[in-house]
Amino acid sequence: MEEKYYEILSKLEEADAIVIGASNGLSISEGIHIFADNADFQENFGDFREKYGIRSIIQGCFYSFPSQEEKWAFFSRMYSYFLYQKKEVSPVMKNLYELIKDKNYFVLTSNIDDHFRQAGFPKDRLFEIEGNCSNLQCRSGCHDSIYRGDDVLSEMAQSQEDGKVPASLIPKCPECGGPMQVHLEVDHNFLRGESWQTSYQAYQDFINKAHGKKIVLLELGVGARNQLIKAPFMKITSFEEKATYITFNRGSELYIPEAIADKSIGIDGNIAEVLQQLAKMK
Ligand SMILES: [Zn+2]
Numbered sequence: 001m002e003e004k005y006y007e008i009l010s011k012l013e014e015a016d017a018i019v020i021g022a023s024n025g026l027s028i029s030e031g032i033h034i035f036a037d038n039a040d041f042q043e044n045f046g047d048f049r050e051k052y053g054i055r056s057i058i059q060g061c062f063y064s065f066p067s068q069e070e071k072w073a074f075f076s077r078m079y080s081y082f083l084y085q086k087k088e089v090s091p092v093m094k095n096l097y098e099l100i101k102d103k104n105y106f107v108l109t110s111n112i113d114d115h116f117r118q119a120g121f122p123k124d125r126l127f128e129i130e131g132n133c134s135n136l137q138c139r140s141g142c143h144d145s146i147y148r149g150d151d152v153l154s155e156m157a158q159s160q161e162d163g164k165v166p167a168s169l170i171p172k173c174p175e176c177g178g179p180m181q182v183h184l185e186v187d188h189n190f191l192r193g194e195s196w197q198t199s200y201q202a203y204q205d206f207i208n209k210a211h212g213k214k215i216v217l218l219e220l221g222v223g224a225r226n227q228l229i230k231a232p233f234m235k236i237t238s239f240e241e242k243a244t245y246i247t248f249n250r251g252s253e254l255y256i257p258e259a260i261a262d263k264s265i266g267i268d269g270n271i272a273e274v275l276q277q278l279a280k281m282k
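All the letters of the sequence shown, read from the start, carry residue numbers 1 to 282 under UniProt numbering.
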């Protein structure tokens, strides 16, 4: 096992470009499970669970709340849960950042918890495919801008009562005056305008510039059937001669196709522990 870790560290050290792909398994290793009706969910979202029958954070994201006051009670609670309840950057994200901060890297993630930004990853190296919990957009998409919602979201999180936020705090679109929503891919309103396109393009440019060079695809907690991150990573690995595909996952979710096996390193284990070990050995 130790040999594998040294191999990973030397691949990261030698890499001209590192693309990090992260999905739900990374959040789980930080103790956040958006699909689970676990004790943490019941403790932090128990009132929503009781009132609407919502059984997980993700169900809440897709739930059709009866009013704006109730909708924002949920989304501001979620924001606060992801970014304030935990207060500090998790050891998982700290270790990951320490491992790659001095390298040429880019992050592709479907996680919505905004933890990459929180850990210090700059916005121009980050493509959050499905948005994140801190950004706001016009619900009807009258214009393309995405706004940081930290102030209004934390204020709403602190001043909710009986599952509602005060109407005076509810954000309004600065252009059309209509309702806003969190920039998350939970419905067809999700904006893929200029801001999203800029990040998408930055990712494409990063991959194109790395062509022919030593590129490392570092995949963290991405499910075996994932099409958004895993499929493109495997494609790049197969056609880039000097590519290395590194994947951390648990049990049956750890999947390396035969065709790229000789360019791949897989670690079956708890991502939190794997990153801790790598950071220690670096
Ligand atoms: Zn608008």
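Just so you know, even glycine gets a beta-carbon here, dropped at the ideal spot from N, CA and C.
Residue i by DSSP, collapsed to three states: which one?
| i | result |
| --- | --- |
| G223 | coil |
| A17 | strand |
| S134 | strand |
| Q42 | helix |
| K172 | strand |
| Q160 | coil |
| E128 | strand |
| V107 | strand |
| V216 | strand |
| Y245 | strand |
| G269 | coil |
| A22 | strand |
| Q200 | The sequence shown places Tyr at residue 200, rather than the Gln named in the question. DSSP places Y200 in helix when its eight states are reduced to three. |
| L83 | helix |
| H183 | strand |
| Y147 | strand |
| S90 | coil |
| R140 | With the sequence shown as reference, residue 140 is identified as Ser, and Arg is not the correct amino acid for it. S140 falls in the coil class under three-state DSSP. |
When the distance is taken between beta carbons, is residue j closer than 9 Å to residue i?
| i | j | result |
| --- | --- | --- |
| K214 | T244 | yes |
| N104 | A17 | yes |
| C176 | S145 | no |
| L96 | A119 | yes |
| I100 | I246 | no |
| E185 | G131 | yes |
| V152 | L169 | yes |
| A210 | E241 | no |
| G60 | M78 | yes |
| V216 | L83 | no |
Return yes when at least one heavy atom of ligand 1 lies under 8 Å from the C-beta of residue i, else no.
| i | result |
| --- | --- |
| E175 | yes |
| S140 | yes |
| H183 | no |
| G178 | yes |
| H115 | no |
| H143 | yes |
Distance, Cα to Cα, residue i vs residue j?
| i | j | result |
| --- | --- | --- |
| P257 | C142 | 44 Å |
| Q160 | I34 | 22 Å |
| A259 | A224 | 15 Å |
| Q137 | D114 | 16 Å |
| G251 | M180 | 41 Å |
| E70 | G46 | 14 Å |
| residue 289 | A15 | This structure cannot settle anything about residue 289, because the visible part of the chain is limited to 1 through 282. |
| Q201 | D162 | 43 Å |
| G212 | N249 | 27 Å |
| R55 | A39 | 11 Å |
| G193 | E2 | 45 Å |
| P232 | A167 | 44 Å |
Any heavy atom of ligand 2 closer than 8 Å to the CB of residue i?
| i | result |
| --- | --- |
| H115 | Because ligand 2 does not appear in the structure shown, any question about it cannot be addressed here, the ligands present being ligand 1. |
With a cut-off of 8 Å on the beta carbons, I'd call residue i and residue j a contact; round off their distance for me.
| i | j | result |
| --- | --- | --- |
| L228 | Y5 | The Cβ separation is near 28 Å, so there is no contact. |
| G25 | E253 | 7 Å |
| I20 | L275 | About 11 Å separates the two Cβ atoms, so there is no contact after all. |
| L108 | Y203 | 6 Å |
Is any beta-carbon of chain D found at less than 9 Å from that of residue i?
| i | result |
| --- | --- |
| R77 | Looking for chain D here will not work: only one protein chain is present. |
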